Amino acid sequence: MTNTMSTSIVAQLQQQHTITALVENHAGVLARVAGLFARRGYNIESLAVSVTDKEEISRMTIVVGGDHRVLEQITKQLNKLVEVIKVVDYTETAAVERELALIKVNAEPKDRAEIMQVVEIFRGRIIDMSDKTFIVEVTGSTDKLDKITHLLESYGIRELVRTGIIAMARGAKTASRSGRDGE
Amino acid sequence: MKLSGAQILLECLRQEEVTHIFGYPGGAVLPIYDAIFDCHDIKHILVRHEQGAAHMADGFARSTGKVGVCLATSGPGATNLVTGIATAYMDSIPMVAITGQVRTSAIGKDAFQEADITGITMPITKHNFLVKKVEDLAGVLAEAFYIARSGRPGPVLVDIPLDVSKNQIEFDPASYSKQVIIPSYKPASPSSRIPELQIRKAATLIAEAQRPVLYVGGGAIASGAQEEVTALAERTNILTTTTLLGKGAIDETHSLSMGMLGMHGTAYANHAVNQADLLIAVGARFDDRVTGNVDKFATGAKIIHIDIDPAEIGKVIQPDVPIVGDVKAILAELLKHVAPRPADAWNDTIMEWKRRFPLSYPDDGKLYAEYAIQQIGEMFDHDCIMATDVGQHQMWAAQYFKCRRPRQWVTSGGLGTMGFGLPAAIGAQFGNPDKRVICLSGDGSFQMMTQELMTATVYAQPVVTVIINNKSLGMVRQWQEMFYSERYSQVDLQASPDFVKLCEAYGGVGLRATTPAELRDALVKAKAVTDRPVVIDCVVPTEENVYPMIPSGQTVSEMLVKTDLELVKASVHADGSEWSFSHEEAVLAQYVEVANAVALEATEA
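Top line first, the protein sequences correspond to chains S and B.
What the first sequence shows, in the numbering used here, is residues 566 to 748, in sequence order.
What the second sequence shows, in the numbering used here, is residues 56 to 660, in sequence order.
In structure tokens:
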């Protein structure tokens, strides 16, 4: 029983978790969730929010760092918020995780063919072009986005924006309101 | 019937069987106060400061178990409630705070007396609402009361813009339902499914334990589990310690009660917890004032943790058997599985500690706070409600005022709010007109909410305030003495008003006591006053410290106790049989150690 909670930064760096919270689509819910994380010292790596197929419900996908105890506390504290309907942890679930990035990269005429090849390999798209730049759109796992970002850095990245991860369990399982936690 | 938002508000309060609103008017609540003008069944208590209103609602709630209600205007009125709301939040007290807001069209425009009170109170309320249209008002209020009182109780704030309370709609009071369903909010309740398997595991641990201890917190009071707590203790002969908020969950004169544990808990309760092999935590949250250094707290004990709030399980300490549910319902079920256990050598060991390290204070004819508290208990047959402020007097009261029943004890534990005592006592008096209510205060705390004496006078509430006047901010002084080399920084309160005259100026009865005899006289006189507040200025020595004391973040082995009027560090060997004392020098060495640790901490920070 000597085990105690540790929310030290070291512990938080141990592991990243992707969790999804279904919340009532009310004004201020995002502030409540964000406030909870700030107040209790949990670190949000990324956060994506949007409405679901039911307009009264929003879905937040949050990537947080921490060991399983921290994650358990986060889940419980989130569940305590009156407007949080359900929290699902995808850590040990087969889930699809995707993120989208827009990358404005220098594209001198001599480099264009090479850049287009890189984009092709990563199944990205060039969605804007000027005499000096491309905007590259690429979707995938965090890892894949990191890799293409790294490759494009050699040409000079002018601007980068990423959506943060969204996730969904594989197969027939859903994170619907009626389902039980962790399904 | 067409009703304004303000009238609908009062209808809803009526449906919730609210008897008292503690409040203060202002611009944004003018329609509400206009409706109150015609309302004769719900009593509005006009306070002198909104913080007083929040604390009164809190004291009312703590002493009755009902939801307390306070009301303030927008902006400064609302922000003045904040300390009171935070106080209630930290101690899980059911409260509905109603605030006025500027008209909806002016929100976000920095209007006169506008404050984002739902934003401000987000971290200190269980939930809060901004009502955007009058059609939503009744539903929001029903949810607010339901959320405040259900599950782990807490304060809920409802912010009502001026136009929402002014606008009229068709409203049928009969349509109001207290049975609210909020799909995203499903707290445990007395009727929740009982986790049988966990209860059987707990019963097994209890049956196997050699050195069990019951550790009971405010959750037992909130769920009304005093009978079950007592029954469990009696059936198993397990000695029971309560937290500051758990006082009254078992009669403290019961032979199985060890009083409070923790930083200023009894030596025997702390030794018992430290050497226990099973700790049964009931509606308690392993607060740092209880555990000290968590890594060294009850290291040999298996833990059963019963709480209604799943987030408390594993927050501080990972239990062996977690049980989530209503404490009363869980204990009632547990009792069916627990076999009687006779008192044994473990009980004897603790009783020996109890004899060896009793609570004590000097018997030299001077007037001491501890004596005053004991006398209050005797004078009012241990049946009065005891509200306290925060500081040394509060800890002495926790040690020396023996609660016989729940809801007799009204104190700000989690937040430690100075100024809480007097308004909370007044709120408790409104809720308990048949009981005497005492406010034990300090010369520091009392001056934070003195103005509420006027409220007590106006409404003829005979609250007796006993100011433990040591002419100092005693608890801070104590820490400066012990951990900051007696560098007394900004704790001197020699310059204070004449509390006797001050109370008289407010229309109450002022008395002063400087000796034990004078104190007894003063209490007799105070008891005879039944139509106005009384203040007894109880003048005590400045240098007294609260013992036992486990310095912050330390362990039982660093506990300082007083025996035979000598300060010693008392520790017991692991087998509980032998004693070792280290006297003054060791204690001083300890101070140095602790001071070094504090200094180190400060450097690291």
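C-beta atoms are modelled at their ideal positions from N, C-alpha and C, and glycine is treated no differently.
None of the values given here were measured: they were computed from a predicted structure.
(request) Determine the burial state of glutamine 642 of chain S: buried for a count of at least 16 other Cβ atoms within 10 Å of its Cβ, exposed for fewer. (result) Here residue 642 of chain S refers to the residue found at position 77 when the first sequence is read from its first residue. The residue in question, glutamine 642 of chain S, is buried, as its Cβ has 16 or more Cβ neighbours within 10 Å.
(request) In angstroms with no decimal places, state the Cα-to-Cα distance between aspartate 630 of chain B and glycine 729 of chain S. (result) As a position in the second sequence, residue 630 of chain B is number 575, starting the count at 1. As a position in the first sequence, residue 729 of chain S is number 164, starting the count at 1. Low confidence applies to aspartate 630 of chain B: its pLDDT is 45, below 50, so where it sits in the model is not reliable enough to give any reading.
(request) State the beta-bridge partners of histidine 99 of chain B as determined by DSSP. (result) One-based indexing of the second sequence puts residue 99 of chain B at position 44. BP columns for histidine 99 of chain B point to B/Ile76.
(request) Per DSSP, which residues does glutamate 718 of chain S bridge with? Please list them. (result) Taking the first sequence and counting its residues from 1, the one referred to as residue 718 of chain S is at position 153. Beta-bridge pairing links glutamate 718 of chain S to no other residue.
(request) Evaluate arginine 410 of chain B with the Cβ neighbour count: other Cβ atoms within 10 Å of its Cβ, from every protein chain shown; 16 or more gives buried, anything less gives exposed. (result) Taking the second sequence and counting its residues from 1, the one referred to as residue 410 of chain B is at position 355. Exposed is the call here.
(request) Please list the partners that glutamate 589 of chain S has in chain B, where partner means a Cβ-to-Cβ separation under 7 Å. (result) Counting from 1 along the first sequence, the entry for residue 589 of chain S is found at position 24. Within chain B, the residues near glutamate 589 of chain S are Ser239.
(message) For asparagine 325 of chain B, report the span of its alpha helix (DSSP H) as first-last.
(response) Residue 325 of chain B sits at position 270 when you count from the first residue of the second sequence. Element bounds for asparagine 325 of chain B: 322-330.
(message) Quick check: what's the CA-CA separation for asparagine 683 of chain S versus proline 674 of chain S?
(response) Taking the first residue of the first sequence as position 1, residue 683 of chain S is located at position 118. Taking the first residue of the first sequence as position 1, residue 674 of chain S is located at position 109. Here residue 683 of chain S is valine; the residue named in the question, asparagine, does not match the sequence. When rounded, the distance between both Cα atoms is 15 Å.
(request) Could you say which of B/Phe554, B/Val518, B/Ile523 lies nearest to arginine 587 of chain B if we only look at CA atoms? (result) In the second sequence, counting from the first residue as 1, residue 587 of chain B sits at position 532. Ranking B/Phe554, B/Val518, B/Ile523 by Cα distance to arginine 587 of chain B puts B/Val518 first.
(message) Below 8 Å on the Cβ atoms is my contact criterion, and I expect valine 393 of chain B with threonine 291 of chain B to pass it. Report the Cβ-Cβ distance as a whole number of Å.
(response) Here residue 393 of chain B refers to the residue found at position 338 of the second sequence. Here residue 291 of chain B refers to the residue found at position 236 of the second sequence. Correct: roughly 6 Å between the Cβ atoms.
(request) In the DSSP assignment, find the unbroken beta strand (DSSP E) run with cysteine 494 of chain B in it and report its ends. (result) Position 439 of the second sequence, counted from the start, is the residue given in the question as residue 494 of chain B. Start and end: 492-497.
(request) Apply the 10 Å Cβ neighbour rule to leucine 248 of chain B and answer buried if 16 or more other Cβ atoms are within range, or exposed otherwise. (result) Counting from one through the second sequence, the residue named residue 248 of chain B turns up at place 193. The sequence shown places arginine at residue 248 of chain B, rather than the leucine named in the question. Exposed, since its Cβ has fewer than 16 Cβ neighbours within 10 Å.
(message) Tell me the residue span of the beta strand (DSSP E) that contains methionine 625 of chain S.
(response) In the first sequence, the residue the question calls residue 625 of chain S occupies position 60. Methionine 625 of chain S -> beta strand (DSSP E) spans 622-630.
(request) Would you identify the three-state DSSP class for tyrosine 602 of chain B, choosing helix, strand or coil? (result) Within the second sequence, the letter at position 547 stands for residue 602 of chain B. The answer is coil: DSSP assigns tyrosine 602 of chain B none of H, G, I, E or B.
(message) Quick check: what's the CA-CA separation for arginine 688 of chain S versus valine 701 of chain S?
(response) Translated into positions along the first sequence, residue 688 of chain S becomes position 123. Translated into positions along the first sequence, residue 701 of chain S becomes position 136. The straight-line gap from Cα to Cα measures roughly 10 Å.
(message) Just to confirm the assignment, what range does the beta strand (DSSP E) spanning cysteine 125 of chain B have?
(response) One-based indexing of the second sequence puts residue 125 of chain B at position 70. Its beta strand (DSSP E) spans residues 123-127.
(message) Mapping the DSSP letters down to three states, classify leucine 636 of chain S as helix, strand or coil.
(response) If you number the first sequence from 1, residue 636 of chain S lands on position 71. Leucine 636 of chain S: helix per DSSP, three-state reduction.
(message) Spatial neighbours of alanine 427 of chain B within its chain, please: C-beta separation below 7 Å, excluding the five flanking residues on both sides.
(response) If you number the second sequence from 1, residue 427 of chain B lands on position 372. Cβ neighbours of alanine 427 of chain B beyond the five flanking positions: Val521, Ile523, Leu574, Cys593.
(message) Considering only the alpha carbon of each residue, which of B/Gly107, B/Leu101, B/Leu136, B/Pro149 lies closest to glycine 123 of chain B?
(response) The count along the second sequence starts at 1 and reaches residue 123 of chain B at position 68. When only C-alpha atoms are compared, the closest one is B/Pro149.
(request) State the DSSP-derived secondary structure class of threonine 520 of chain B, mapped to helix, strand or coil. (result) For the purposes of this step, residue 520 of chain B is identified with residue 465 of the second sequence, where counting begins at 1. Three-state result, threonine 520 of chain B: strand.
(request) Would you mind listing the beta strand (DSSP E) stretches within the region 347-424 of chain B that are 3+ residues and don't spill past its ends, in chain order? (result) 357-362, 376-379
(request) Kindly say whether arginine 735 of chain S, judged by its beta-carbon, lies nearer than 8 Å to any beta-carbon of chain B. (result) Locating residue 735 of chain S in the first sequence gives position 170, where the first residue counts as 1. False, the Cβ-Cβ gap to chain B never drops below 8 Å.
(request) Check glutamine 463 of chain B in the structure and name its three-state DSSP category. (result) Within the second sequence, residue 463 of chain B is the residue found at index 408, counting from 1. Coil.
(request) For alanine 599 of chain S, return the contacting residues in chain B, with the cut-off set at a CB-CB distance below 8 Å. (result) Position 34 of the first sequence, counted from the start, is the residue given in the question as residue 599 of chain S. In chain order: nothing, as chain B lies at least about 10 Å away.
(request) Would you identify the three-state DSSP class for methionine 434 of chain B, choosing helix, strand or coil? (result) Translated into the one-based positions of the second sequence, residue 434 of chain B becomes position 379. The answer is helix: DSSP assigns methionine 434 of chain B an H, G or I state.
(message) Buried or exposed, going by whether 16 or more other CB atoms sit within 10 Å of the CB of glycine 60 of chain B?
(response) Start at 1 with the first residue of the second sequence, and residue 60 of chain B comes out as number 5. The residue in question, glycine 60 of chain B, is buried, as its Cβ has 16 or more Cβ neighbours within 10 Å.
(request) Taking all protein chains shown into account, decide if isoleucine 140 of chain B is buried (16 or more other Cβ within 10 angstroms of its Cβ) or exposed. (result) For the purposes of this step, residue 140 of chain B is taken as residue 85 along the second sequence, with counting starting at 1. Looking at its Cβ environment, which holds 16 or more other Cβ atoms inside 10 Å, isoleucine 140 of chain B is buried.
(message) Classify lysine 645 of chain S: buried if its beta carbon has 16 or more other beta carbons within 10 angstroms, exposed otherwise.
(response) The count along the first sequence starts at 1 and reaches residue 645 of chain S at position 80. The residue in question, lysine 645 of chain S, is buried, as its Cβ has 16 or more Cβ neighbours within 10 Å.
(request) Identify which residue in B/Thr138, B/Pro250, B/Val546 has its Cα closest to the Cα of glutamate 388 of chain B. (result) In the second sequence, the residue the question calls residue 388 of chain B occupies position 333. Of the listed residues, the one whose Cα sits closest to glutamate 388 of chain B is B/Pro250.
(message) Quick check on serine 160 of chain B: buried or exposed, where buried means 16 or more other Cβ atoms within 10 Å of its Cβ?
(response) Working through the second sequence from its first residue, we reach residue 160 of chain B at position 105. Exposed, by the Cβ-count rule.
(message) Using a 10 Å radius around the Cβ and a threshold of 16 neighbouring Cβ atoms, would you call threonine 583 of chain S buried or exposed?
(response) What you label residue 583 of chain S is simply residue 18 of the first sequence in a count that begins at 1. By the neighbour-count rule (16 or more Cβ atoms within 10 Å), threonine 583 of chain S is buried.
(message) Against chain B, with Cβ distances strictly below 8 Å, would valine 647 of chain S count as a contact?
(response) For the purposes of this step, residue 647 of chain S is identified with residue 82 of the first sequence, where counting begins at 1. Closer than 8 Å to some Cβ of chain B, the Cβ of valine 647 of chain S qualifies, so yes.
(message) Within the continuous beta strand (DSSP E) that includes methionine 150 of chain B, where are the two ends?
(response) Here the question's residue 150 of chain B lines up with position 95 in the second sequence. 150-156 is the span of the beta strand (DSSP E), which, as asked, contains methionine 150 of chain B.
(message) For methionine 566 of chain S and phenylalanine 475 of chain B, I'd like the C-alpha separation in whole angstroms.
(response) Stepping through the first sequence from its first residue, residue 566 of chain S is reached at position 1. Stepping through the second sequence from its first residue, residue 475 of chain B is reached at position 420. With a pLDDT of only 36 at methionine 566 of chain S, under 50, the local geometry of the prediction cannot be trusted, and no value is derived from it.
(message) I need the straight-line Cα distance from valine 137 of chain B to asparagine 183 of chain B, nearest angstrom please.
(response) Position 82 of the second sequence holds residue 137 of chain B. Position 128 of the second sequence holds residue 183 of chain B. Using only the alpha carbons, I get a separation of about 13 Å.
(message) Can you check whether the C-beta of isoleucine 650 of chain S is within less than 8 Å of a C-beta belonging to chain B?
(response) Locating residue 650 of chain S in the first sequence gives position 85, where the first residue counts as 1. Isoleucine 650 of chain S counts as touching chain B.
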